[in-house]
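Encoded as structure tokens, the structure appears first; notes follow it.
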DNA sequence: CATGAATGAGGTTTCATTCAT
DNA sequence: TATGAATGAAACCTCATTCAT
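Residue numbers (my numbering), protein chains in the order written: chain U, 17 to 229; chain C, 17 to 229; chain P, 17 to 229; chain A, 17 to 229.
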């Protein structure tokens, strides 16, 4: 039993190592510039071993991006889910969620995902959509749910929680993209907090439940 | 006179043709996938002629992107400048500007610029910044100016026009990016109008001059 | 055992084949005119295989020249070493060595070595020196040793065996270069013998041990 | 008359400038590596102007080499002609000629000639011969004449002045080539004098007129 | 299953050379 | 006659991918 399991585990580990190496190299060099030899070297395996696990360089990109997208998406979901029980001070809860989302979106992984998908948008549009489903869209759906429930309970004032959610996220990612120059510059934590505060302020002005803070 | 002008004009035209062809091919295939032979063919010249005008494939990218960025930036600037004399109905003026900006940002040129710069963000960070200076940053600065003057004249309520401008643009580009899936899908004009309307509504809620509409 | 040896042997053979092909093509066309495709074809391998063994076209030149230089140098050394036991008739032994050296220096390999190193003397001066160390300098050192011992045993009359050796070789290579016009013409065996005879005559007049023959 | 001469003179000057530039660039980079653009730049003219004067890159090589060869040959001839009236001390006169020849052969022009002809020996054998006719062969013939006359007047002891001349030159150029490593190293004047002295000593031992010095 | 070796294809770039001015 | 611009050809090198071991 163990004897049969160990190689399977080893195989899975090797697959993980290859995908992680692939994402790292793709993020560093871009898809076309990255060469399979370097990915294999970074994963600590030989080049044909990569082809034993993944059929193609394109598959390598797809799988590694989807894996990274799942991780980022899970983090975003976690940040949004904290709005499930916002407590008395809803703006504070929104600010907390905003800061968490900004930290994720300002991370190197998020920028790499954006860059790699953008670069392939013409050649592999489904990949863009698949990644989007696992990150932005997933986050947006969850946030729409949260905001909808908050509206139902009277804590927010909107009849269109989808647009509200979209704008909440836009007020975060827009300024972040602007400040980071598409990931070229780092955005300091203090600046992230300022963005979050401004976003929450504007969002609350538009969707707050009547009582101005 | 004409006889002396023709060659210079011919040279300029050829340079223009090369840069236009370069942008078209880069936009279609991406930087690495694009090959100089195809650019030359699209420009109607021989391959070495391209190298007579531009030293490098990289220079070809840089020059063609900066040219496109200037064009897009000029359009954006024009849209923003319309806020100089907003008339009595400021929200309507904002809506008009918003629609114009959205139409520009939803265009193929804008998406290509975004994609091509993103893809080279690691290798050529200055290029990202140079393009940004000519498009987003320029637009943002102009909008900041406009909003600041409107605030001075009491038509808007904010002490931080830079953030207001940043958020105005974020409320446009964020949802647009979301709907278009990084340029993968077309965003219909009606949808663009809805985005603009929602953006102006939220913006006005936050920065309107007291009298709620 | 055999099964393990075969692949290594095969690799070595392929490397040998590549280097031999490289030398042949370089000798035929010169360094710049020679193209890697032709070398690969002559070696019976594909072009990238050449690059799998040698990093560069320049490395290809270097390695193939050094290999040929080692071969030529070994032949020259062998000719000189025959002076170790010259027998009673030293001029005859010198003549024998002279003829052997001339035959080597008149060979296509020697001329090719000279041409290829000369052509790269500005760009790759160390290569010139490395080849020289393995051919001329090596021969000169060995001959200096032989002549020095002969002088010690009273069979030659000189206190400067290095110069004697240098002149002995000069009396061979100088006229050979002159007659062959830098390798452009073949020098017949009879002509080689005449050169050798004249060289030995002059050498013996200058360094003979007193008794004229 | 002047009006007709001036352009002709200008044309000749331009041709000279082009040939000089060609030789300089060929000497610096080798034939294949040298590009016509650089030659034109060094000559201070435009590229097509070069082609107006010389039909080919190959003609450029040929003409510039022959010009340089004529110059070097004239210098050698001058050195040899000094043996026409050797005075009482013939070895001293030979030493003087030897030193002069060595200085010429150690010059950058001579080495460049050797390198450039060697490199093209396979492709352009006639060029090698033409250059040789204007340099080494011309010198050898003149020296043969001088030595023949000296032998007739009893100042030298040989019945084969051609071989004597060949060996005299060999005793100079052989050691020079050896020390300079095919022009890679400079050979100091003192070393040149030592080579000349040793050459004359050996030559005189073989061909001196009976009275040993 | 993992690997060293090999390959076919293709890209960027440079160069000698020639028109039109 | 001298030149700026243009071109056809070709070379080096790299890469993704596949056999034998």
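Glycine included, every Cβ here is placed at the ideal spot set by N, Cα and C.
In this text, all values refer to a predicted model and were calculated from it rather than measured experimentally.
DSSP three-state assignment for residue i, whether helix, strand or coil
i, result
"residue 103 (chain U)", "coil"
"residue 19 (chain P)", "Residue placement at residue 19 (chain P) cannot be trusted, given a pLDDT of 37 that sits under 50; the coordinates are not used to answer."
"residue 224 (chain C)", "strand"
"residue 229 (chain U)", "Per-residue confidence for residue 229 (chain U) stands at a pLDDT of 42, beneath the threshold of 50, marking its modelled position as unreliable; the derived number appears in the next sentence. Three-state result, residue 229 (chain U): coil."
Cβ neighbour criterion (16 or more within 10 Å) applied to residue i
i, result
"residue 32 (chain U)", "exposed"
"residue 103 (chain C)", "exposed"
"residue 68 (chain A)", "exposed"
"residue 190 (chain P)", "buried"
"residue 64 (chain U)", "exposed"
"residue 199 (chain P)", "buried"
"residue 231 (chain P)", "Lying outside 17 to 229, the shown extent of chain P, residue 231 (chain P) is not represented and no answer is given."
"residue 168 (chain P)", "exposed"
"residue 160 (chain P)", "buried"
"residue 80 (chain P)", "buried"
"residue 133 (chain A)", "buried"
"residue 204 (chain U)", "exposed"
"residue 135 (chain P)", "buried"
"residue 28 (chain A)", "exposed"
"residue 108 (chain C)", "exposed"
"residue 100 (chain C)", "exposed"
"residue 201 (chain A)", "exposed"
For residue i, the nearest candidate out of the options (CA to CA)
i, options, result
"residue 35 (chain U)", "U:46, U:53, U:59, U:210", "U:59"
"residue 155 (chain U)", "U:109, U:28, U:131, U:85", "U:85"
"residue 141 (chain C)", "U:74, U:150, U:196, U:148", "U:196"
"residue 123 (chain P)", "P:97, P:213, P:88", "P:88"
"residue 112 (chain U)", "U:41, U:95, U:177, U:139", "U:95"
"residue 105 (chain A)", "A:28, A:166, A:181, A:182", "A:166"
"residue 90 (chain A)", "A:150, A:225, A:183", "A:150"
"residue 37 (chain U)", "U:211, U:200, U:190, U:57", "U:57"
"residue 44 (chain U)", "U:201, U:70, U:127", "U:127"
"residue 39 (chain P)", "P:146, P:147, P:129, P:201", "P:129"
"residue 178 (chain U)", "U:153, U:137, U:97", "U:153"
"residue 194 (chain P)", "A:174, A:99, A:72, A:145", "A:145"
"residue 157 (chain P)", "P:139, P:176, P:143", "P:176"
"residue 139 (chain U)", "U:220, U:74, U:101", "U:74"
"residue 232 (chain P)", "P:72, P:201, P:71, P:119", "Nothing can be reported for residue 232 (chain P): it is not among the residues displayed for chain P, which extend from 17 to 229."
"residue 125 (chain U)", "U:42, U:214, U:215", "U:42"
"residue 208 (chain U)", "U:183, U:172, U:192", "U:192"
"residue 8 (chain A)", "P:52, P:174, P:214, P:182", "Because chain A in this structure spans residues 17 to 229, residue 8 (chain A) falls outside the shown range and cannot be described."
"residue 186 (chain U)", "C:72, C:131, C:218", "C:218"
"residue 78 (chain A)", "A:224, A:180, A:148", "A:148"
For residue j and residue i, believed in contact at Cβ under 8 Å, the rounded distance
i, j, result
"residue 121 (chain U)", "residue 188 (chain U)", "7 Å"
"residue 92 (chain U)", "residue 110 (chain U)", "No, residue 92 (chain U) and residue 110 (chain U) are not in contact; Cβ-Cβ is about 15 Å, not under 8 Å."
"residue 115 (chain U)", "residue 212 (chain U)", "5 Å"
"residue 82 (chain C)", "residue 66 (chain C)", "Not really, about 17 Å apart at Cβ, beyond 8 Å."
"residue 222 (chain A)", "residue 62 (chain P)", "Not quite, the Cβ-Cβ distance comes to about 58 Å (not below 8 Å), so this is no contact."
"residue 48 (chain U)", "residue 49 (chain C)", "6 Å"
Legend entry - 4-residue-minimum alpha helix (DSSP H) runs that sit fully inside the region 88-150 of chain P, ordered along the chain: Runs of alpha helix (DSSP H) with 4 or more residues, each lying fully within the region 88-150 of chain P, are found at 106-121, 124-135, 141-150, listed in chain order.
Legend entry - Inside the region 175-220 of chain U only - alpha helix (DSSP H) runs reaching at least 4 residues: The region 175-220 of chain U contains these whole alpha helix (DSSP H) runs: 177-196.
Inset, instruction - Taking only runs that begin and end inside the region 57-93 of chain A, name each unbroken alpha helix (DSSP H) of 4 or more residues, in chain order. - result: List check, alpha helix (DSSP H) in window: 63-69.
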